[in-house]
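Residue numbers (the working numbering), protein chains in the order written: chain Y, 300 to 634; chain U, 300 to 634. Ideal Cβ positions, reconstructed from N, Cα and C, are used throughout, including at glycine. The structure under discussion appears below in the form of structure tokens.
There are 2 protein chains.
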Amino acid sequence: MKAIGFKTSQEIENKESLIEFNIQKPKAKDFDIVIKVSAVSMNPVDTKVRANAAKDIILDEPKILGYDAVGIVDEIGEHITNFKIGDRVFYAGDVSKNGSNSQFQLIDSRIVALAPTSLKDDEAAALPLTSLTAWEAMFDRMNINKNDKKTILIIGGAGGVGSIATQIAKESTNLTVIATASREETISWCKKMGADYVVNHKDLVNSVKNTGFETVDYIFNVANTEIHWDAMAELIAPQGKICSIVDAEIPVDINKLKSKSVTFIWEFMFTRPMFNTNDIEKQGEILSEIATLVDGGKIKTTLSKTFQGFNVENIKDAHKLSESGKAIGKIAIQF
Amino acid sequence: MKAIGFKTSQEIENKESLIEFNIQKPKAKDFDIVIKVSAVSMNPVDTKVRANAAKDIILDEPKILGYDAVGIVDEIGEHITNFKIGDRVFYAGDVSKNGSNSQFQLIDSRIVALAPTSLKDDEAAALPLTSLTAWEAMFDRMNINKNDKKTILIIGGAGGVGSIATQIAKESTNLTVIATASREETISWCKKMGADYVVNHKDLVNSVKNTGFETVDYIFNVANTEIHWDAMAELIAPQGKICSIVDAEIPVDINKLKSKSVTFIWEFMFTRPMFNTNDIEKQGEILSEIATLVDGGKIKTTLSKTFQGFNVENIKDAHKLSESGKAIGKIAIQF
């Protein structure tokens with residue numbers, strides 16, 4: 300079967316940055332299923348893995364990227380009872396295994412759910428990784444009570460995770476959502492996602508306070524941890540919680556969070572599959588919940604751009620657009 | 300009335316390090332009560348505030364230390380319904396206000412509870428700050444479910460907070476407790492407090508793994524944040540929680556906690572009173588619960604040494620013993 304990946308880390312313009320190759324189609328066993336992939340979507344993790352996974356080395360086997368897919372169940376392992384061949388499913392996957400930029404993909408059925416029936420392949424492929432990240436951050440990490448009338452600041456409101464986090468917060472909680480954006484088109488996008496307030500992250504403390512909130516109960520940082528650290532320390536309420544998904548590039552001063560007894564939490568969507576935690580099936584359940592919200596008209600896809608055709612050129616173009624930092628919402632590739 | 304405090308930060312041997320002086324007895328109003336103090340106890344915060352609060356300056360008014368007391372209600376504010384004059388109470392207090400090293404102390408009644416009737420003054424004075432810290436850390440910060448059969452590592456098992464945390468964990472939860480200690484007498488003390496395993500913090504990763512646990516679900520660090528950071532990152536389970544009460548003296552690498560989606564939480568016992576949070580009365584409730592556990596024979600005082608008499612010499616001796624790092628459990632001063 301055809302797959303696209305890399306054997307060495309290169310700038311995207313380099314001929315070797317992404318290559319097409321053939322590998323054996325995988326076989327399903329135990330809790331695994333084989334999916335015939337129909338569409339995938341891009342996430343920052345794709346370009347980060349490409350940039351960091353094979354620096355100064357050449358891998359023996361190409362690394363296959365892609366951590367968001369929609370497809371049809373092609374084969375099931377012997378323990379599978381909740382899926383059958385022909386089901387249309389969506390899932391994110393496991394960064395430590397082969398990704399979805401491949402005609403067929405082997406995946407643990409416990410992190411898979413039936414895809415929303417109301418969305419086309421590319422629209423549905425835009426959702427799994429960002430939805431899982433946002434949902435886990437808010438409900439499994441920050442442990443937000445859906446009835447609490449509290450406030451959340453989402454730093455990076457117009458990106459893939461910020462866009463879906465805003466929608467989930469507005470649809471599934473009583474939170475007031477303050478999202479950050481700085482360009483005209485991203486501000487307008489954040490409002491479309493349902494943000495109650497859109498503020499500029501370039502003067503974060505003052506722009507949040509100008510909304511009338513002196514502090515916020517929760518901060519979900521999907522943009523940059525070190526740049527916003529001091530502002531987050533100032534804005535977070537006593538006993539508040541900050542969740543981030545972005546590595547700090549330089550050390551941050553954790554002591555700044557102490558006097559307010561603040562909680563700092565990492566959300567990494569691949570923790571459950573990578574460590575095969577005993578609650579791994581929670582990811583399948585979250586995706587089912589997302590599909591229900593989508594099909595009930597409560598949540599919209601965050602797709603903004605689709606490339607037609609599974610080929611190196613399109614995957615490269617998607618990487619370029621993602622690396623530009625100018626993308627709004629999500630980028631998909633229809634196979 | 301007589302009080303003991305300092306106007307300038309000095310080594311404890313210096314004549315000016317702690318001084319006796321007279322100030323006006325406080326008046327109770329609103330939610331405040333005035334307490335005639337009977338006994339106080341020492342905490343590391345006393346020596347830290349003395350060392351840091353008046354460096355290179357001389358305060359106009361002396362700073363009164365002491366954040367653990369037992370005493371008799373002497374006067375009540377007009378909103379007080381749950382205490383009456385003559386009640387014997389215990390409390391920690393608020394580091395931003397005058398402390399308990401004083402004949403009388405003004406205190407917010409919402410952070411006060413009736414003292415355990417089965418304990419003498421010094422025995423009860425040993426408990427509030429450490430109990431509040433341990434309780435808040437386990438139940439309000441790490442949100443430990445009392446029925447979960449999980450594992451907690453308490454780094455610094457023989458100190459004031461570690462001693463009471465071990466007892467509360469054993470009495471009020473189903474946690475397995477692994478406490479750290481390295482000297483013969485501290486190991487024996489930790490076992491007396493109820494620890495299931497006592498391990499050496501000098502080789503933390505291996506000594507924990509030697510108990511048969513590859514990872515732990517919770518870590519409560521009351522000893523040193525930066526020294527144990529890497530070991531904590533290695534030992535914590537995926538999706539586990541680390542709570543610390545000790546400032547990091549050098550930057551730590553928070554990224555080490557990311558792949559496991561770990562939660563890092565500060566517990567600072569003074570957050571609720573200092574910020575007058577809308578759940579400030581939780582501290583009075585926790586102390587009531589502690590008194591009930593003590594009077595029911597479920598929790599023992601962690602007092603190990605009492606100085607008799609409220610005078611500068613005794614307070615200085617208590618500071619010296621605390622600063623030595625060799626103290627086990629708590630040190631009290633009986634007035």
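Of all the options the options, which has the alpha carbon lying nearest to the alpha carbon of residue i?
i: U/S481; options: U/A522, U/T562, U/L426, U/E513; result: U/A522
i: U/K328; options: U/D355, U/D552, U/G365, U/T380; result: U/T380
i: U/N397; options: U/D367, U/S506, U/H618; result: U/D367
i: Y/T475; options: Y/K306, Y/T450, Y/E483, Y/W488; result: Y/T450
i: Y/K508; options: Y/Q309, Y/R409, Y/L452; result: Y/L452
i: U/I303; options: U/F569, U/I454, U/G458, U/K615; result: U/K615
i: U/T514; options: U/L534, U/N505, U/I371, U/H500; result: U/L534
i: Y/V336; options: Y/I318, Y/L602, Y/D420; result: Y/D420
i: Y/W528; options: Y/V561, Y/T346, Y/S308, Y/G511; result: Y/V561
i: U/I311; options: U/A412, U/A626, U/I627, U/S621; result: U/S621
i: Y/P361; options: Y/S308, Y/I410, Y/I598; result: Y/S308
i: U/I454; options: U/P427, U/L431, U/T524; result: U/T524
i: Y/N446; options: Y/F569, Y/N473, Y/E374; result: Y/N473
i: Y/I646; options: Y/K347, Y/K324, Y/V339; result: Chain Y is shown from 300 up to 634; residue 646 of chain Y falls before or after that span and cannot be answered.
i: Y/K599; options: Y/W488, Y/P343, Y/Y496; result: Y/W488
i: Y/G628; options: Y/A532, Y/A457, Y/V372; result: Y/A457
i: U/P343; options: U/F382, U/E470, U/V460; result: U/V460
i: U/P572; options: U/T432, U/G493, U/F438, U/I526; result: U/T432
i: Y/F569; options: Y/E422, Y/E435, Y/T346; result: Y/E435
i: U/E319; options: U/F330, U/V333, U/I334, U/M300; result: U/M300
i: U/T346; options: U/F634, U/D331, U/I363; result: U/I363
So for residue i, helix, strand or coil by DSSP?
i: U/R387; result: strand
i: U/T600; result: coil
i: Y/P415; result: coil
i: Y/Q633; result: strand
i: Y/T465; result: helix
i: Y/A342; result: Per the sequence shown, the amino acid found at residue 342 of chain Y is Asn instead of Ala. Reduced to three states, the DSSP call for Y/N342 is coil.
i: U/A350; result: helix
i: Y/K491; result: helix
i: Y/D439; result: helix
i: Y/G459; result: helix
i: U/E315; result: coil
i: Y/L426; result: coil
i: Y/S337; result: strand
i: Y/A302; result: strand
i: Y/L358; result: coil
i: U/L431; result: helix
i: Y/E483; result: helix
i: U/E470; result: helix
i: U/I627; result: coil
i: U/I410; result: helix
i: U/D373; result: strand
i: Y/D331; result: strand
Is residue i buried or exposed, if buried means 16 or more other CB atoms sit within 10 Å of its CB?
i: U/K354; result: exposed
i: U/T416; result: exposed
i: Y/I384; result: exposed
i: U/I357; result: exposed
i: Y/S408; result: buried
i: Y/I463; result: buried
i: U/Q582; result: buried
i: Y/S483; result: Reading the sequence as shown, one finds Glu at residue 483 of chain Y and not Ser. Burial call: exposed.
i: U/A313; result: For the sequence presented, residue 313 of chain U should be read as Asn rather than Ala. The residue is exposed, with fewer than 16 neighbouring Cβ atoms inside 10 Å.
i: U/Q466; result: buried
i: Y/K501; result: exposed
i: Y/G608; result: exposed
i: U/K557; result: buried
i: U/D359; result: exposed
i: U/N400; result: buried
i: U/K326; result: exposed
i: Y/N520; result: buried
Confirm the yes/no value for this check: CB of residue i, any heavy atom of the ligand NAD, distance under 7 Å.
i: Y/I564; result: With respect to small molecules bound, the structure shown includes none, and the ligand NAD cannot be examined in it.
TODO: With 8 Å as the C-beta to C-beta threshold (strictly closer), list the residues of the segment 540–557 of chain U near chain Y in chain order.
DONE: Against chain Y - using a Cβ distance shorter than 8 Å - the residues of the segment 540–557 of chain U are D546, A547, P550, V551, D552, I553, N554, L556, K557.
- [ ] Scan the segment 397–427 of chain Y for residues whose Cβ lies nearer than 7 Å to a Cβ of chain U and list them as they occur along the chain.
- [x] Those would be none; no residue qualifies.
Open item on the list: Tell me which residues of the segment 424–452 of chain Y have at least one Cβ-Cβ distance to chain U shorter than 8 Å, keeping chain order.
Closed with: Hits within the stretch, in order: E435, D439, R440, N442.
Open item on the list: Please identify, using Cβ separations under 9 Å, the residues of the segment 326–348 of chain U that lie next to chain Y, in order along the chain.
Closed with: The residues in question: there are none.
TODO: Go through the segment 563–625 of chain Y residue by residue and report every complete run of the alpha helix (DSSP H) that reaches 4 residues or more, in order.
DONE: With a minimum length of 4 residues, the continuous alpha helix (DSSP H) runs that stay inside the segment 563–625 of chain Y are 570–574, 581–594, 611–622.
- [ ] Scan the segment 492–569 of chain U and note each continuous beta strand (DSSP E) run of 3 residues or more that stays entirely inside, going in chain order.
- [x] At a cut-off of 3 residues, the continuous stretches assigned as beta strand (DSSP E) that sit fully inside the segment 492–569 of chain U are 496–498, 515–520, 535–543, 562–565.
Task: Near-chain U residues of the segment 516–538 of chain Y (beta-carbon distance less than 9 Å), N- to C-terminal order - done: So the close ones are T524, A536, P537, Q538.
TODO: Closer than 7 Å, Cβ to Cβ, to anything on chain Y: give me those residues from the segment 457–480 of chain U, in chain order.
DONE: Taking 7 Å as the Cβ-Cβ cut-off against chain Y, none of the residues of the segment 457–480 of chain U qualify.
Task: Interface residues of the segment 574–589 of chain U facing chain Y [CB-CB below 7 Å] - done: Within the segment 574–589 of chain U, the residues whose Cβ lies closer than 7 Å to some Cβ of chain Y are F574, T576, listed in chain order.
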